[in-house]
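Chains as they are written, first to last, in my numbering: chain A, 259 to 724; chain B, 259 to 724.
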């Protein structure tokens, strides 16, 4: 990390402040790749998809699925899943290897409650392998989600094996912890490089009696995005499951992990710190925005249920979600869930394609783009109506912009149309339509000289608020 | 059951009493076959055979085996097991499908912690199937032992899922109970008729929150010997694991099951009631004598351990064990345990053969045998030394003999050489050697007219007490 020595430079003309005084955190290569990916998906698939009943998370955490052999997708096709994600514009895809049932979607040698137990494919199914192969085929980075906090089958609740405090309990807790470490080792060594390894709800901390997963990940997947445990967190949860973060949303954060038991301030004010980050935080924990695609109409479904197509977000909601996540310096991860046939349902596939097309249409052909040299200013080919700009810093150098304004040249004069604070990897600024011949970005407060690599102008339809 | 009306008939001449006054219990066909079988074996085989460590039951009940893939017998041959049992004279053989680890030696569709989970045989092993096939090949009746009381993997201790009393606990208890019922259904329907189904430590009672296994057994295996739960017990434990019972040992018993929580008298005086039964008991629960073959030299090993050959019982101990179990109206079940190669070890095989040969030699060629007609008296081919007789009632009609004496005709006069009470299916009476020209059995107290079908005379080596 590069230090910036304490000094304040006041450039009166441009009202530019350079604020320093602490060692600014910088992303690792894995974090940088993850932030630049901007959009990923997470496929949720588990036993209860097949039970024909409404998913109830609370009940699912305590009641094992009565018959695991209901899991028998008739036409499983992970290519079709990944293709749908690619059409949406996702650069990476994650699969829930285990969720809260404890059932593992691969051929584990340490957790018998896995595909080996199934009649389906004569016990030889390995959806993790299929999934990773499909990702590589379509050029998406594969990641894996490992749920260890809840395991209804093994009787694990909030990381803890249930029972009276005695030798029996301790023996099973140790067994469970070693089983988790065994699974993490298998997953880290069998499927090639993983873009992200997501421990849902975190993986707690060995200091608190949890499995020691970080050392395994560091040994076998040194380049993955590790999310997360009490020892390390390469990203943070963005504070809601709405697929959006607040504004501003800084990648810097005052704590090294999201352990609210250890850092209670994180949970205050409905996770405001998670939603916004802290420009003075000394840890680089970029924010994830996550939401299930089927989150509309009062629903919020990570798992497929029959007759639930009405809960697929309308296109306009997805576009706004994108602008309020990727467009606010956060990585959006959309939750997708294949059905009992083993396919992404047609309406979801269609919506994902519409979404990808819409984003490509909105942002793929700017009216004009900054060439990276000199003042951050773009001349439009002619006087045109503009209502959005996209700003991107090279966050490999940190988030140097602390505040900025966007100005439009209209009638020969510069007029401020937008004022912001954080920019980061991507900021999509929306403002009232203005007729302009040029647009410029003026940084008003910074840490060191910002490395702006994107400044584009657009005229896009207004999106109704979600 | 046939009632005998209350009356006492005193036959002064022969000092014969007929004692009645209650409905004498009678065996079912399954009980009769089991009693007549006299000798069976139970093969113990489980994950920890392969761990190279000394087996500790207490610790095994609470600590799951760290790596179940240690289970990989290199030369598994259940024919060799069953042949060894046949050579010992066993008429039936039982296999521990699950013991206290919870691991199941077959292809379960309801318990993932089974052979499907193994790397061994690519997850396709089914030792229950192999075992049953070998039994049928060698003409032994197959039985299965199902341990449900302890399950270290699932966190079940004395039938109960461990945890705080809450919905979570209740949900897992119900899941475990249904899993057990599923296993019992699989085992009762996949392998043909079973001679015995042995729930070790009993299967508790549905009234006490246990799985409902009896209804499944009654539906699919109506002719099996059910051993046992709180609702029904077709046999009883003989009160020790020495392979012997006390004398007398009646098949009748005052309680329908061995639930000591419900019938505390069973456990009094070191299980005296289990060892002896009760001639006035209204339930027919013949006694099992069980012992591990490797029970000598202060050892008592149901499971194979390396370097434990010195604990194989010497031949003389086995012969005395036989005489004090099968020869006391009890069915002897010897515990055998294959090694990590999947074979019965050579020293065990050899001892079993010696044992079978010795029993056949001792009792296969009596000096003389009762022909079943008239007085229970046998004339010897010449004056010979006799020191044992074998007495057998047709227990299909109950245990009618309540006391008897054995007399030898020596020097032209009848001389009492032995006095006993219970006879039952088989009683081997040993007495000081006597020169006799004839031997006779005189019943001195009875219920109805005894149906004596065996009365043999022998001269056999004296056996040193165990």
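Yeah, the Cβ is synthetic: ideal placement off N, Cα and C, and Gly gets one too.
Proximity winner among the options, relative to residue i (alpha-carbon distances)
i             : options                       : result
residue 464/B : 291/B, 438/B, 483/B and 446/B : 438/B
residue 701/A : 635/A, 692/A, 668/A and 654/A : 635/A
residue 331/A : 308/A, 348/A and 619/A        : 308/A
residue 372/A : 557/A, 559/A, 411/A and 510/A : 411/A
residue 516/B : 567/B, 369/B, 493/B and 388/B : 493/B
residue 643/A : 668/A, 653/A and 685/A        : 668/A
residue 605/A : 627/A, 572/A and 580/A        : 572/A
residue 365/A : 351/A, 359/A and 387/A        : 387/A
residue 431/A : 450/A, 409/A and 452/A        : 409/A
residue 404/A : 425/A, 315/A and 459/A        : 459/A
residue 299/B : 686/B, 316/B, 348/B and 385/B : 348/B
residue 526/B : 498/B, 616/B and 551/B        : 498/B
residue 337/B : 294/B, 398/B and 288/B        : 398/B
Partners in chain A for residue i, counting only beta-carbon separations shorter than 9 Å
i             : result
residue 551/B : Result: empty, since nearest Cβ-Cβ is about 30 Å, beyond 9 Å.
Interface partners of residue i on chain D, CB under 9 Å
i             : result
residue 374/B : Here the protein chains are A and B, and chain D is not one of them.
Contacting residues, own chain, Cβ-Cβ under 7 Å from residue i (five flanking each side not counted)
i             : result
residue 462/B : 417, 468, 487 and 488
residue 513/B : 521, 524 and 541
residue 708/B : 651, 658, 659 and 701
residue 718/B : 620, 645 and 646
residue 427/B : 419 and 421
residue 666/A : 644, 673, 675, 692, 694 and 697
residue 407/B : 416, 417, 458 and 459
6 Å Cβ shell around residue i - same chain, five flanking residues per side excluded
i             : result
residue 271/A : Residue placement at residue 271/A cannot be trusted, given a pLDDT of 37 that sits under 50; the coordinates are not used to answer.
residue 547/A : 496, 501, 502, 503, 583, 588 and 590
residue 757/B : Here chain B has residues from 259 to 724 only, and residue 757/B is not among them.
residue 721/A : 574, 577 and 578
residue 641/B : 693 and 695
residue 269/B : Any reading at residue 269/B must be qualified, since the residue scores a pLDDT of 36, below 50, and its modelled position is unreliable; the value itself is stated next. Within the same chain, residue 269/B has no close Cβ partners at all.
residue 595/A : 302, 561 and 562
residue 681/B : 649, 651 and 659
residue 628/A : 634, 636 and 713
For residue i, three-class secondary structure by DSSP
i             : result
residue 648/B : strand
residue 550/B : strand
residue 473/B : helix
residue 242/A : Nothing about residue 242/A can be reported from this structure: the residues present for chain A run from 259 to 724 only.
residue 555/A : coil
residue 672/A : strand
residue 655/A : helix
residue 336/A : helix
residue 718/A : coil
residue 709/A : coil
residue 357/B : coil
residue 685/B : strand
residue 330/A : coil
residue 517/B : coil
Same chain only: Cβ atoms within 8 Å of residue i, ignoring 5 sequence neighbours per side
i             : result
residue 624/A : 648, 714, 715 and 716
residue 335/B : 600 and 601
residue 728/A : Because chain A spans 259 through 724 in this model, residue 728/A falls outside it and cannot be assessed.
residue 305/B : 323, 326, 328, 329, 359 and 361
Under 8 Å from the C-beta of residue i: neighbouring residues of chain A
i             : result
residue 419/B : 413
residue 329/B : Near residue 329/B there are no residues of chain A at all, since even the closest Cβ is about 12 Å away, more than 8 Å.
residue 303/B : Under the 8 Å cutoff, chain A gives no residues; its nearest Cβ is about 18 Å from residue 303/B.
residue 364/B : Near residue 364/B there are no residues of chain A at all, since even the closest Cβ is about 13 Å away, more than 8 Å.
Interface partners of residue i on chain B, CB under 7 Å
i             : result
residue 494/A : Per Cβ cutoff of 7 Å: no residues; residue 494/A is ~29 Å from chain B at best.
Cross-chain neighbours of residue i in chain A, by beta carbon under 7 Å
i             : result
residue 464/B : In chain order: nothing, as chain A lies at least about 18 Å away.
residue 367/B : 327 and 377
Proximal chain B residues relative to residue i, where beta-carbon distance stays under 8 Å
i             : result
residue 436/A : 324
Under 9 Å from the C-beta of residue i: neighbouring residues of chain B
i             : result
residue 422/A : 420, 421 and 422
residue 426/A : 319, 320, 321, 410, 413, 415 and 420
residue 429/A : 317, 320, 321, 322 and 410
residue 313/A : Per Cβ cutoff of 9 Å: no residues; residue 313/A is ~16 Å from chain B at best.
residue 521/A : Under the 9 Å cutoff, chain B gives no residues; its nearest Cβ is about 28 Å from residue 521/A.
- [ ] Please go through the stretch 391–459 of chain A and give each complete alpha helix (DSSP H) segment of 4 or more residues, from N-terminal end onward.
- [x] Whole alpha helix (DSSP H) segments, 4+ residues: 425–448.
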